[in-house]
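Input: a single structure, listed below in structure tokens.
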Amino acid sequence: MKLELRAVTKKFGSFVANDAIDLVVEPGQIHALLGENGAGKSTLMNVLYGLYAADGGQILIDGEPVHFSGPGQAMAAGIGMVHQHFMLIPVFTVAENVVLGHEPTSGALINLDEARQLVRDISARFGFEVDPDALVEELPVGIQQRVEIIKALSRDAEVLILDEPTAVLTPQETDELMGIMRDLKQQGTSIVFITHKLREVQEVADTITVIRHGKVVGTALPTASQEELASLMVGRAVDLKVDKDAAREAEVALRVADLTLVDHSGLTLLDHITFDVKRGEILAIAGVQGNGQTELTEALMGLRKPTAGSITLDGDELVGKSVRQIIDAGVGFVPEDRSRDGMVASFSVAENMVLDQIGHDPFSHGGALAMATIAEHATTQVEQFDVRTGSIEAPMSSLSGGNQQKVVLARELSRELRLLLASQPTRGVDVGSIEFIHERIVAERDKGTPVIIVSTELDEVTALADRIAVMYRGRFVGIVGPDTSRSDLGLMMAGVDPNNKEEQR
Amino acid sequence: MSAQTIELPAMDSKALAPINWKFPIIYGILAVISLVGFGLSVGGDVWSGISVNTGFSRIQFAVPSQVTALVCTVIEIGLGIWAWQLTAARKKTPVGLPLGFGFCFVVAFLVRAVAGSEQSLQVTGLLQGTLFLSVPLIFGAMAGCVCEHVGVINVAIEGQLLAGAFLAAVVGSLTLNPWLGLLAAPVAGALVGALLALFAVRYWVDHIIVGVVLNVLVTGFTSYLFSTVLSEHKDVFAVPTVLPTLPIPGLSLIPVLGPVLFNQNVLVYIMYAAVVVLQIMLYRSRWGLRMRACGEHPKAADTVGIKVNATRVRNTILGGAIAGLGGAFFTVANGLAFGKEMSAGRGYIALAAMILGGWSPRGAVAAALLFGFADNLQNALSVVGVGIPSQFMLMAPYLITIFAVAGFVGKVRPPAQEGQPYKG
Ligand SMILES: Nc1ncnc2c1ncn2[C@@H]1O[C@H](COP(=O)(O)OP(=O)(O)OP(=O)(O)O)[C@@H](O)[C@H]1O
Ligand SMILES: [Mg+2]
């Protein structure tokens, strides 16, 4: 199926999100769409999928103009989409979510066995492990992303739109997904692939279109170098490496000793974790998602009560303190699932900028919010972090994914910190902004703040870390230097200690 | 560091999620009330008369009040201790436990209530009355379930019941055929539902405000017609017609329960079927899955091609029809003419039953029966003329309700997007 967009325009009020965009997706082609945060990629895809009505332009399928008044019609025309913000019903099971809208039935009821089988078949093809009966709300984001992909694949679309499907996948899963994309392409499926990871673009894309400020600014071939692609996207040269000096010797600020977490069912999630972080040092925690990183950050933030062990920050015990007290003690937290834990979608950008600080000076006095201060603060931060938003009063939900992430980071980095704990800090953020965020994190370190970065991106880990801890099955396989080779890190992520190459249980 | 296995220390339980002692504590308080209020407050030589109509014959007997109440209390204490142990061991308590506990508590209460009275406790009558008062509540709660799951808050149940009662009575009277009246009832309810859908879904008016306004509208409209047209032409518009009682062969012969459950008119049988069908369809059918998707995450439903607003409109009208049908119970099902404001706030209680029942048809039925029972108890006991202070008697049903609410609320969540317009 050949898909053509001609001069598609989409406005939100007076803001032009897509400005006469032309795009041709040939049958059996993987077409990568690159662009900064807020460039208008998701908006364009939502127009194509019938979620937004275009203000101008035409969509043609195999040369015939079509008009979609809703996703149902787009789906009927053979278009499938994996949305950047998951479109899953939290209280439904995986199987129910996957079949919703095209349910197999036996008699009056849904044939759940068939639905489960469908999930198993696709996940087997994909090399993903997903329990069809798990409730979606209980799954970590990485798994929810798989469910979204399974859902889209289950419909055998002829044109598949993938809006940042790899943002929360592990490198292995990403490789699997790219394998699937190649298979689908062989079968004649056309794919529109949106990502901020240039390596992926180079690997699978056939053509690349770059969008900036709602306009197509150029096309490129996958043979283009990362630097070329990055500068095309951002409009300036981007330094893909992080410049930083070696960490200075300083005293230990955070001490975690024997931290152990056992859940209700007796499953050990954290297994005697011991480490410390010095002032002015970045400890990066690497590992395949689901090996206890989430639980570790939650335990550090007081969101989960550890079974045993202690966490001391500058000598103060944090175990047993409430989340409020921990935040007030100066711990900045960037949660891994920003839309669930990091923001309130219906609040304005300005309100989200001060979410965890409105209780006290300077943002409130005696219970009344200091609106002027909040607005002023938001204006400065929006400018500094280059958040693309129409206004600081716009609801958070109207921001593009990467810009939402920037708001969360801006909030946490804008106050005096005694510890910065950031999970996937650059998830969904464009290369230009990654550069900036990395600089900010390093600057925070240089101010003497101990920093913990949890990331599944090896690039990010090696770029930022002063020391790297690798987690596997709830324990630290080892803590190594930043110059450790990728292959050694890879081995450690599989549970093998490189100094002692014997597989762990 | 790799090969050595790390020994886990004995799990210290304080680190696990705190144990929720709410239930054992409630059981404890109730057992004390049962012991002091029912068991010890009556002399050893007092008897309680009990009368059961099995359907063939009336059985009269008496039990020693104190002994019976104490036996019940002992069972309650036993169940309470069991619940305590299960909670301490972090195990789930079986569903039968609260039911058994509640049963013993109610028996102790009733035995105490009729202790020493001339009149005996009419068990069959008590059950019949409970069902009778529950029918409109159950229909209303089913209507609430359907609407809330699709994302529309239906406060207009009251108006839908009343409209159903009105149209059923009028159509029944005009045609002298109660069956046609029964058919007309859901039409009236659906109309009110359609108005709710129009304003809530199409024009994004706050659902609760529309609902309340509709209730006032229906009350005013039917009262107006009642005092003008209906009162002036009683022989045309207010002739009572009644649906026949249809005993179900076989089932109606079951002792005690048969006459209560299966010697009813067709509306009650429709209710049984509606509850079962809804309970299954809501969670297992395509219709149920799609409509719940609209109530939980309408945008996600939209992206898989479900027309959210159309689904909401359709199901709001369906909900209205269910409540309207229930309204027929006030009139044609029992051979009564229409009376002003005859639904008397049942629609609101139905809504409460649905919430107490955790938005599931099954739970809503249990809650509606509880409300019906509590309501009926006052009537039943005032006939008996009881020995304990009447104020306490009047309080008892509400006590039961409060404990039930305290015990169950908070475990379930309403559909995430109920009451929110979908502007996609
Ligand atoms: N519903 C909306 N109302 C108002 N403005 C919107 C809305 N949706 C998106 N926008 C604006 O349109 C612009 C483009 O957003 P879009 O989500 O398409 O960006 P994107 O290219 O997908 O970025 P990212 O890489 O961060 O996901 C943003 O500036 C955003 O603030
Ligand atoms: Mg996007």
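Just so you know, the protein sequences line up as chains Z and S, in that order. Reading the first sequence from the start, the letters are residues 1 to 505 in our numbering. Reading the second sequence from the start, the letters are residues 1001 to 1424 in our numbering. Just so you know, even glycine gets a beta-carbon here, dropped at the ideal spot from N, CA and C.
Spatial neighbours of residue i in its chain, beta-carbon cut-off 7 Å, leaving aside the 5 residues before and after
i, result
"Z/His102", "Arg155"
"Z/Gly188", "Pro27 and Gly28"
"S/Trp1021", "Thr1087"
"Z/Val141", "Val168, Glu336 and Asp337"
"S/Lys1014", "Caution applies to S/Lys1014, whose pLDDT of 36 falls short of 50 and renders its modelled position unreliable; the model cannot decide the point."
"S/Leu1246", "Asn1265 and Val1266"
"Z/Gly490", "none"
"Z/Arg304", "Leu261, Glu295 and Glu298"
"Z/Asn291", "Met471, Tyr472, Arg473 and Gly474"
"S/Ile1336", "Residue identity differs from the one stated: residue 1336 of chain S is Leu in this sequence, not Ile. Contacts found: Pro1240 and Phe1330."
"Z/Met1", "Pro27, Ile61, Asp62, Gly78, Glu158, Val159 and Ser190"
Boundaries of the alpha helix (DSSP H) in which residue i is found, first to last residue
i, result
"Z/Gly432", "Val431 to Asp446"
"S/Phe1109", "Gly1096 to Ala1113"
"Z/Met81", "No alpha helix (DSSP H) contains Z/Met81, which is instead part of the beta strand (DSSP E) from Ile79 to Val82."
"S/Ile1050", "Taken as a continuous stretch (DSSP letters only), S/Ile1050 belongs to no alpha helix (DSSP H), being part of the beta strand (DSSP E) at Trp1047 to Asn1053."
Bounding residues of the beta strand (DSSP E) (the contiguous stretch that carries residue i)
i, result
"Z/Ile191", "Ser190 to Ile194"
"Z/Asp11", "In the sequence under discussion, the amino acid at residue 11 of chain Z is Lys, which differs from the Asp named in the question. That run of the beta strand (DSSP E) goes Leu3 to Phe12."
"S/Gln1264", "Asn1263 to Asn1265"
"S/Gln1060", "Arg1058 to Pro1064"
"Z/Gln58", "Gly56 to Ile61"
"Z/Lys185", "No beta strand (DSSP E) contains Z/Lys185, which is instead part of the alpha helix (DSSP H) from Pro171 to Gln186."
"Z/Val477", "Arg475 to Val480"
"Z/Leu269", "Thr268 to Lys278"
"S/Thr1303", "It is not in any beta strand (DSSP E) - S/Thr1303 instead sits in the alpha helix (DSSP H) that spans Pro1298 to Thr1303."
"Z/Val256", "Val252 to Val262"
"Z/His31", "Ile30 to Gly35"
"Z/Leu419", "Leu419 to Ser423"
"Z/Ile453", "Val451 to Val454"
Sequence-distant residues of its chain with Cβ nearer than 8 Å to residue i (five each side left out)
i, result
"Z/Ala95", "Leu112, Ala115, Arg116, Leu118, Val119, Pro132 and Asp133"
"Z/Leu409", "Val334, Phe385, Ala422, Pro425, Ile437 and Arg440"
"S/Gly1345", "Glu1158"
"S/Ile1019", "Thr1087, Ala1088 and Arg1090"
"Z/Val201", "Ala32, Leu34, Phe193, Thr195, Ile208, Pro222 and Leu229"
"Z/Ile21", "Leu5, Ala7, Val8, Thr9, Gly40, Leu44, Gly57, Ile211, Gly214, Lys215 and Val216"
"Z/Lys506", "Given that chain Z is displayed from residue 1 to residue 505, the structure contains no residue 506 of chain Z and the question cannot be resolved."
Cβ distance (whole Å) where residue i is taken to contact residue j below 8 Å
i, j, result
"S/Val1303", "Z/Leu51", "The sequence given here places Thr at residue 1303 of chain S; Val does not occur at that position. The pair is a contact, with the Cβ atoms about 7 Å apart (cut-off 8 Å)."
"Z/Arg467", "Z/Ile479", "6 Å"
"Z/Ala32", "Z/Ala205", "4 Å"
"Z/Arg415", "Z/Ile273", "Incorrect: roughly 27 Å between the Cβ atoms, too far for contact."
"S/Thr1331", "S/Ala1169", "4 Å"
"S/Val1063", "S/Ser1048", "6 Å"
"Z/Gly130", "Z/Ile110", "The sequence as given places Val at residue 130 of chain Z; Gly does not occur at that position. In fact, because the Cβ distance is near 18 Å, the residues do not count as touching under 8 Å."
"S/Gly1320", "S/Gly1116", "Rounded, the Cβ-Cβ distance is 49 Å, inconsistent with contact."
"Z/Thr170", "Z/Gln289", "5 Å"
"Z/Val454", "Z/Ile285", "5 Å"
Best match in the options for proximity to residue i [C-alpha to C-alpha]
i, options, result
"S/Met1142", "S/Gly1258, S/Leu1182, S/Gly1419 and S/Thr1316", "S/Thr1316"
"Z/Leu153", "Z/Ala167, Z/Ser322, Z/Leu177 and Z/Glu173", "Z/Leu177"
"Z/Asp19", "Z/Glu173, Z/Val25 and Z/Ala7", "Z/Ala7"
"S/Val1276", "S/Arg1286, S/Leu1167, S/Leu1174 and S/Ile1138", "S/Ile1138"
"S/Val1146", "S/Phe1371, S/Gly1372, S/Tyr1422 and S/Ser1360", "S/Ser1360"
"S/Ala1293", "S/Tyr1272, S/Leu1246, S/Asn1265 and S/Pro1415", "S/Pro1415"
"S/Ile1226", "S/Val1071, S/Ala1333 and S/Leu1162", "A quick correction: the sequence has Phe, not Ile, at residue 1226 of chain S. For S/Phe1226, the nearest C-alpha among the options comes from S/Leu1162."
"S/Ile1075", "S/Phe1061, S/Gln1060, S/Ile1059 and S/Gly1039", "S/Gly1039"
"S/Ile1349", "S/Lys1423, S/Gln1378, S/Leu1127 and S/Val1365", "S/Val1365"
"S/Gln1420", "S/Pro1098, S/Pro1094, S/Gln1128 and S/Glu1148", "S/Glu1148"
Nonlocal neighbours in the same chain, by C-beta distance under 6 Å from residue i, ignoring five residues either side
i, result
"S/Phe1329", "Val1135, Pro1136 and Leu1267"
"Z/Ile374", "Ala350, Val354 and Phe363"
"Z/Phe15", "Gly390"
"Z/Leu162", "Val82 and Phe193"
"Z/Val429", "Gly402 and Gln405"
"S/Ser1041", "none"
"S/Ala1200", "Val1152, His1207 and Val1210"
Residue-level contact to chain A via CB, residue i, 8 Å cutoff
i, result
"Z/Pro165", "No chain A appears in the structure shown, which is made up of the protein chains Z and S."
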